[in-house]
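J.: I'd like to ask you about the structure that follows.
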RNA sequence: UGCCCGGUGGUGUAGUGGUAGCACAAAGGACUUUGAAUCCUUUAACCCAGGUUCGAAUCCUGGCCGGGCAGCCA
């Protein structure tokens, strides 16, 4: 939010009118034009029938961002007009996620259901004006009467009912005198319109199920089209920002407000976010959960806020991402790489460095005294001296990463090989003298010697080593389970029609056990972020980690130019 | 054969009549006690065709391509 303000400031100072996105252009143009009242009110209107995901974050940062940049307000409004789908569980989850993101609605928390009485009055007014009528057609009949994309519809036989009869019938609907599905209230617009939304759209339907807030007070509920615009109007929303698929509804949005003669907010549509290698539609996300392809809505592979949070993504990274992707009207698929870049950029500055060996290989340093332990000094974060340093215990037996040793190395392999000297990070130079194998020929242990003069990693004679590898003292190592995540989907643009099992990445989760981590992480608490040097960023899993068996999630790997090169070889 | 919205490097996004910019990605190099970070360099784009204009990514016309819409979902 701050950086956005900075951008605005610098723009104002330089006297330029550099645009940030077309929505903000419209808002500032409106502010310039409406002399007197420049108050901006936006709203973030989730339907509480699913969990917040990265697509919601784009919308939320847009709405809350515009409000904060203009000293306006952004209302959190739960769009709860369909009791059969919505639940309190989801409203709580949304609030939790928004708070975690640092998006603050103050005391502007509303529900569409707060306006059910008012909305009912509005409906009566429409009937009164002969702009709405009760229709007895059933669902199939309404569909048939609507016509098709290329053919006009036919008018309902109930379209010209007298006003009085409509009022009585509508009151009857409210009183529960009619069966669910037997009647609806419809707007009287134009059955021949090229825009199907204008072919006498349904305004109210009978739904005899309990609403999570209004309980059994109502058995008729407004549709989205009737609730949304009027709720915007009631709240004095100036800019009602929604996604592209609602553009077709704007004529209806405008028509209703005009017909009622009430305050008329402006609807603006932008393109929703698509992210590569994942899905963002509510339907597909819940399919992943219900079919057990993931372990719940907060599975760290999920693009949900709770999943990303558990994975170790930070609010700052998420908001930075939303700023970078921009806001426009063309369909788009943003590469996951950009999100990962934002995460790395934040964590590079803030995460404490630590050494952890994912796939341990035992190394015995033969000329190091068996009973000796040294405390070596290690920097906590080279990007931030304020974070200080720590002591790391060193002893005769250590673990190194299996990938850091190769008996028969390719060119440009800088790590340990037989006879070669490398540096142990913050430790000594060691040279590999022997390779021990089991009967199957697998390497089980390395024998090395160290140079006592290279403590801390410097050679007094000035000789250089090409490689520096990380390590953990065997007797001091903490055991950990580490979960390595990869893209949920193989395809960058998963086809929702395809069978999920054909397009899901079978290796999206790789659980490593027996990992060895330096003792300083014993103090790790939930959601603490670490960089395991040369590996990536990791956080303690908030659900499964216990002090006796730490569980880490790999948030994102470090960039790995060697790994890339290796793949090509 | 209806209505609406869009097409700028691989991806995302600026540019609104005057040298097509930025970020991510990719490639190369420098530096390096993280093959990280940092720094430098490079590759790479206006859907097509006409028109208006001294000059068009931008304005006009016609195509082409993509997306959305036929819930009593939002």
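Numbering (the working numbering), first residue to last: 5 to 573. Glycine included, C-beta positions come from ideal geometry on N, C-alpha and C.
(1) Assign residue 137 to one of three DSSP states: helix, strand, or coil.
(2) Measure the alpha-carbon distance for residue 388 versus residue 307 and round it to whole angstroms.
(3) Name the two residues that bound the continuous beta strand (DSSP E) containing residue 65.
(4) For residue 170, count neighbouring Cβ atoms within 10 angstroms of its own Cβ and tell me buried if that reaches 16, exposed if not.
(5) Excluding five sequence neighbours on each side, which residues of the same chain lie with their C-beta closer than 7 Å to the C-beta of residue 408?
(6) Enumerated in chain order, which unbroken segments of the beta strand (DSSP E) with a length of 3 residues or greater are wholly contained in the region 223–268?
(7) Quick check: residue 280 and residue 338, are their CB atoms within less than 8 Å of each other?
(8) Quick check on residue 572: does DSSP put it in helix, strand or coil?
(9) Would you mind working out which of 87, 270 and 196 sits nearest residue 47, comparing C-alpha positions?
(10) In whole angstroms, give me the CA-to-CA distance for residue 456 and residue 380.
(11) Give the straight-line distance between the Cα atoms of residue 82 and residue 332, rounded to the nearest whole angstrom.
(12) Use the C-beta contact count for residue 313: other C-beta atoms within 10 angstroms, 16 or more gives buried, fewer gives exposed.
(13) For residue 514, report the span of its beta strand (DSSP E) as first-last.
(14) What would DSSP say about residue 393, mapped onto helix, strand or coil?
(15) Output needed for residue 555: all residues of its chain with C-beta closer than 6 Å, excluding positions within five of it in sequence on either side, in chain order.
(16) Taking the DSSP output, what are the residues bridged to residue 270?
(17) DSSP state of residue 13, grouped into three classes?
(18) Using a 10 Å radius around the Cβ and a threshold of 16 neighbouring Cβ atoms, would you call residue 566 buried or exposed?
(19) Leaving out the 5 sequence neighbours to the left and right, which residues in its chain are closer than 7 Å to residue 319 when beta-carbon positions are compared?
(20) Could you tell me which residues DSSP pairs with residue 441 in its beta bridges?
(21) Tell me whether residue 565 sits in a helix, a strand or coil according to DSSP, three-state version.
(22) What is the DSSP secondary structure of residue 476, reduced to helix, strand or coil?
(23) Are three or more beta carbon pairs between the region 168–184 and the region 192–205 nearer than 8 Å?
(24) In the structure shown, what three-state DSSP assignment does residue 325 receive?
(25) Does DSSP put residue 113 in a helix, a strand or coil?
(26) Per DSSP, which one or two residues make a beta bridge with residue 378?
(27) Using the Cα positions of residue 520 and residue 481, report the straight-line distance between them to the nearest angstrom.
(28) Report yes if the C-beta distance between residue 275 and residue 334 is below 8 Å; otherwise report no.
(29) Identify which residue in 525, 568, 272 and 283 has its Cα closest to the Cα of residue 551.
(30) Buried or exposed: which applies to residue 92, given that a residue is buried once 16 or more other Cβ atoms fall within 10 Å of its Cβ?
T.: On the basis of the coordinates in this document:
(1) In this structure, residue 137 counts as strand in the three-state DSSP scheme.
(2) Distance between the alpha carbons of residue 388 and residue 307: 30 Å.
(3) Judged by DSSP secondary structure, residue 65 falls outside any beta strand (DSSP E) and instead within the alpha helix (DSSP H) spanning 58–73.
(4) Buried, by the Cβ-count rule.
(5) These residues qualify, in order along the chain: 419, 420 and 473.
(6) Entirely contained in the region 223–268, the beta strand (DSSP E) runs reaching 3 residues are, in chain order, 224–226 and 243–247.
(7) Yes.
(8) Residue 572: helix per DSSP, three-state reduction.
(9) If we check each option's Cα against that of residue 47, 270 comes out closest.
(10) Their backbone Cα atoms lie some 13 Å apart in a straight line.
(11) Answer to the nearest angstrom: the Cα atoms are 25 Å apart.
(12) Classification of residue 313: buried, given that the 10 Å Cβ count is 16 or more.
(13) Per DSSP, residue 514 belongs to the beta strand (DSSP E) from 513–521.
(14) DSSP places residue 393 in strand when its eight states are reduced to three.
(15) Apart from the 5 residues on each side of it in sequence, residue 555 sits with its Cβ closer than 6 Å to the Cβ of 485, 545, 548 and 549 in its chain, given in chain order.
(16) Paired residue(s): 243.
(17) Residue placement at residue 13 is flagged as unreliable, the pLDDT there being 34, under the threshold of 50; the coordinate-derived value follows with that caveat. If DSSP states are grouped into helix, strand and coil, residue 13 belongs with the helices.
(18) It is exposed - the Cβ of residue 566 has fewer than 16 other Cβ atoms within 10 Å.
(19) Same-chain partners within the cutoff: 104, 105 and 106.
(20) In DSSP, residue 441 forms a bridge with 447.
(21) The answer is helix: DSSP assigns residue 565 an H, G or I state.
(22) In this structure, residue 476 counts as strand in the three-state DSSP scheme.
(23) At 8 Å Cβ cutoff, the stretches do not touch.
(24) Residue state, collapsed to three classes: helix.
(25) In the three-state DSSP reduction, residue 113 falls in the strand class (E or B).
(26) DSSP, once it has assigned bridges, lists 398 as partnering residue 378.
(27) Going by the C-alpha atoms only, they are around 6 Å apart.
(28) Yes, the Cβ-Cβ distance between residue 275 and residue 334 is below 8 Å.
(29) Closest by alpha carbon: 525.
(30) Looking at its Cβ environment, which holds fewer than 16 other Cβ atoms inside 10 Å, residue 92 is exposed.
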